[in-house]
Every structure is written in structure tokens, then in C-alpha cells.
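Start counting the first sequence at 817; every next residue gets the next number (the working numbering). For each residue, glycine too, the CB sits at the ideal point set by N, CA and C. Computed from a predicted structure; not experimentally measured.
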Amino acid sequence: METQLSNGPTCNNTAHGSNTINSCSSPIDSGNTEDSKTNLIVNYLPQSMTQEELKSLFGSIGEIESCKLVRDKITGMLVFELVIPRYEKYLNTLKNLKGITLKLKLQYYLLVSYARPSSASIRDANLYVSGLPKTMTQKELEQLFSQYGRIITSRILVDQVTGMSRGVGFIRFDKRIEAEEAIKGLNGQKPPAATEPITVKFANNPSQKTNQAILSQLYHSPNRRYPAPLAQQAQRFRLDNLLNMAYGVKRFPPMTIDGMTSLAGINIPGHAGTGWCIFVYNLAPDADESILWQMFGPFGAVTNVKVIRDFNTNKCKGFGFVTMTNYDEAAMAIASLNGYRLGDRVLQVSFKTNKTHKA
DNA sequence: TCATATT
């Protein structure tokens, strides 16, 4: 009876992995009706991803009935996105989604789960737990709380430097009422073998940020597309690092050249402030975003792709752009894909420059 | 003493 899907190669409860975003719950059975299995929720999408891009990604699985991207009303932060492939069956969908995750090849994994039917009963079911024994694993935390209901996600926060548990964590239950029962049953109680009682309370709601925090984010925003992208980026980098540690993916510095240059306003060819912009020339008229994801994804973190189309015909004008997070991965993609034969066309791939490219 | 999973 679980909605949770595994979003990583292993169910990781080791010391360095205790900060995984996931619970270790059974990955497949949603416990919902067959109908609800066409309804997916996708978490940890890149903040830069657009609805069209997501649609393009998942469109290769099956026909998408609807695709909705939800942002925090106040901060503009991408919260999650919903995709509904109409014809796909349960296992087949899962199999293909794994493939999609690999193709996308982000620094972190997308979390793709069956969406629970939306209702008031699943809201505000998130608990904050403190005073946990430092030795307690995520699995043990779940075992402690699972007697009160179905756990959607769990997490133990760890020290960024040592990787050791900070003794605090989160438990998200399926239902609000389950969370309430867990508070009643566990707040102030000592877990088995623990010397100190734990505190269990409802977690702060992210939409209830202080005005000061929001103003601070707005102030630091260099970008007009959504408020607070700089703060978001910093946040994302931290998340990336957490997840990279958790999954053993290559780790990159908290402040990359990407962040440095955008802060300093330095202009480097191909570098647009949110990543390394790559120019792809000689695409076919019917080229779409998914081909760019598929070509560049294997080289590393791709945060954005765009095919430039003619306004009237909606056909590709022969070129597009790809944004990649890390310079070395972008350089490798360019070195590998420049001159690549796509169908009957030979592609030209380079860092984007300011000059106009002509055929 | 707080990260993100609800439309």
C-alpha cells in the first residue's frame, strides 16, 4: 500500500545516505484504483524546466492527457508537476519512466510516483521530529512511525560536513489523521533503546514563510522570470549535493563557476548565468525538444532545451539551444556531438555566441 | 528547531 517509488539505485540507509529524500517503502503498489495509476506526480524537477519540456520528455512514453506544472504562489518555486500518460499500464509505465530518468541524467534523480487523489485528508500530514538518537537510521525512523499509518516520505537531516545525523528529521504520512495519531503516540516518548524522548510535531508549512524571508529572496533576484531564482539556485545546489552524496553521483562544488560568474556579472561565451548555453545547428524541421534531451542528457546535467520554431509554420528553423549546468559536461557534449549525424543531417554544436549564426 | 510530495 505504498505510493512511493524508488528514485535511486539503492535503498540507502547507510550513514552517508541517511539524507536521501526517499523513504524505503515498497516502490510499486499504490494501493489506489487502477484509474489512479495513470496519474503521476513528479518531484525534484529542475527549477528551469518548463511545462513543454516536461511534456516532451514524458510524451515519448505515451499520450499525455494533461500536464500541469505547479509553482509556489508566493515564491514562484516549482513545487511539482503532474503528468498523465493515458494508455500506459502500470509496470510498463514504471519501466519506461526509469528509462526517462536515465536519459535526463540530472545531477539528481527525478522522483516519479503515482499521485494520490487530491483531497484535504492528505494535506498537512508532514511531521518534524527532533531529539532522535544520532544512531537512528531512516529505516528505523520509519519503523517507529509506520505503526500509525502509511509513510509517504521520510528523512533524517545530516551534518553537511560530517554526514552524521543531526537528530532531526521529517515524516510525511499519507493522511493528516495518521500524523495526528503519531504525535499523540510518539511525542515525548523514548524510542526503543533511546535515552532521551523525542519531540514530534507538525512541520512548518513552506507556504508560511515570513515576509522577511520572501523579501530577502526577491531582493537577491537577478532574474525577472520568477522571483528569487538566485536563492533557488543556491538551494538547488545544496539539494544536489545532498542527493549526490546519497546516490554516490559525482559531486560538484557548492558554488560553481556558474554561480560565481552570474554573481559577478562576468560574461563568458556560452554562459548565460544559469548554465552553459549550447547552440545546436542543422536540426530537421520536425525536430523537437525530446531529441535534444536525448542527445545531451547522457553527458550530464541538462536543465533546459529549446527548439527554435517558425512562428507561422511551427517548424524548427534549423537550430536550438541546450543549457547544461556543468562546464566540463557541456564541453564533452560539444566535443562529442559536433559533427554528429542526426538522420541525414550533420549537426554543428558549439557554445552559444552572441553573433548571429547563418546557414 | 525545519526540508519539500497535492490541484
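Who does residue i pair with in a DSSP beta bridge?
{"i": "T1139", "result": "C1093, N1120"}
{"i": "L1163", "result": "In the DSSP output, where bridge partners are listed per residue, L1163 has none listed."}
{"i": "K1000", "result": "BP columns for K1000 are empty, so no partner."}
{"i": "K1017", "result": "Y944"}
{"i": "T969", "result": "R988"}
{"i": "R939", "result": "In DSSP, R939 forms no bridge with anything."}
{"i": "R1125", "result": "C1132"}
{"i": "S981", "result": "V974"}
Which same chain residues end up closer than 8 Å to residue i when comparing Cβ atoms and leaving out the 5 residues on each side of it in sequence?
{"i": "E868", "result": "E1105"}
{"i": "T1011", "result": "P949"}
Please state whether DSSP places residue i in a helix, a strand or coil.
{"i": "E976", "result": "Sequence check: residue 976 is Gln here, not Glu. Of the three classes helix, strand and coil, the one that applies to Q976 here is coil, per DSSP."}
{"i": "I987", "result": "strand"}
{"i": "Y1156", "result": "coil"}
{"i": "G1134", "result": "strand"}
{"i": "Q1005", "result": "coil"}
{"i": "E879", "result": "coil"}
{"i": "M1148", "result": "helix"}
{"i": "L1099", "result": "coil"}
{"i": "K950", "result": "coil"}
{"i": "A1010", "result": "coil"}
{"i": "K1168", "result": "coil"}
{"i": "I1107", "result": "helix"}
When you compare only the Cα positions, how much space is there between residue i and residue j?
{"i": "N1120", "j": "L1153", "result": "17 Å"}
{"i": "Q976", "j": "K950", "result": "14 Å"}
{"i": "A995", "j": "S934", "result": "17 Å"}
{"i": "T978", "j": "L948", "result": "17 Å"}
{"i": "F986", "j": "N1170", "result": "47 Å"}
{"i": "G983", "j": "P1013", "result": "12 Å"}
{"i": "L973", "j": "M980", "result": "8 Å"}
{"i": "N1142", "j": "A1149", "result": "11 Å"}
{"i": "I1107", "j": "F1095", "result": "14 Å"}
{"i": "F1018", "j": "N855", "result": "28 Å"}
{"i": "F1127", "j": "A1151", "result": "31 Å"}
{"i": "Q963", "j": "A936", "result": "22 Å"}
{"i": "G965", "j": "D1160", "result": "57 Å"}
Got a sec? Which residues, its chain only, sit under 7 Å from residue i by beta carbon, not counting five neighbours each side?
{"i": "V1016", "result": "L943, V945, A998, I999, L1002, N1003"}
{"i": "E1145", "result": "F1115, G1116, A1117"}
{"i": "L1099", "result": "V1123, C1132, G1134, F1135, G1136"}
{"i": "A941", "result": "R988, F989, D990, K991, R992, E994, A995"}
{"i": "R1125", "result": "K1131, C1132, K1133"}
{"i": "M1076", "result": "Reliability fails at M1076, whose pLDDT of 26 lies under 50, so the model's placement of it is uncertain and no value is given."}
Rank the options by C-alpha distance to the C-alpha of residue i and give the top, closest one.
{"i": "N1130", "options": "K991, D1102, L948", "result": "D1102"}
{"i": "K1193", "options": "G965, G947, R971", "result": "Only positions 817 to 1175 of the chain appear in this structure, which leaves residue 1193 out of reach."}
{"i": "G1179", "options": "V1165, A1149, F1095, M1148", "result": "An answer regarding residue 1179 cannot be provided, because it is not within the stretch 817 to 1175 covered by the chain."}
{"i": "G1091", "options": "P1007, A1147, T1011, P1008", "result": "A1147"}
{"i": "F1112", "options": "Q959, R939, L1158, S962", "result": "L1158"}
{"i": "K1006", "options": "I967, F961, F1018, I968", "result": "F961"}
{"i": "N1020", "options": "T854, R939, D1160", "result": "R939"}
{"i": "Y1097", "options": "I1107, V1162, T953", "result": "V1162"}
Short of 6 Å in beta carbon distance, which residues of its chain neighbour residue i, apart from the five on each side in sequence? Order them along the chain.
{"i": "A1009", "result": "none"}
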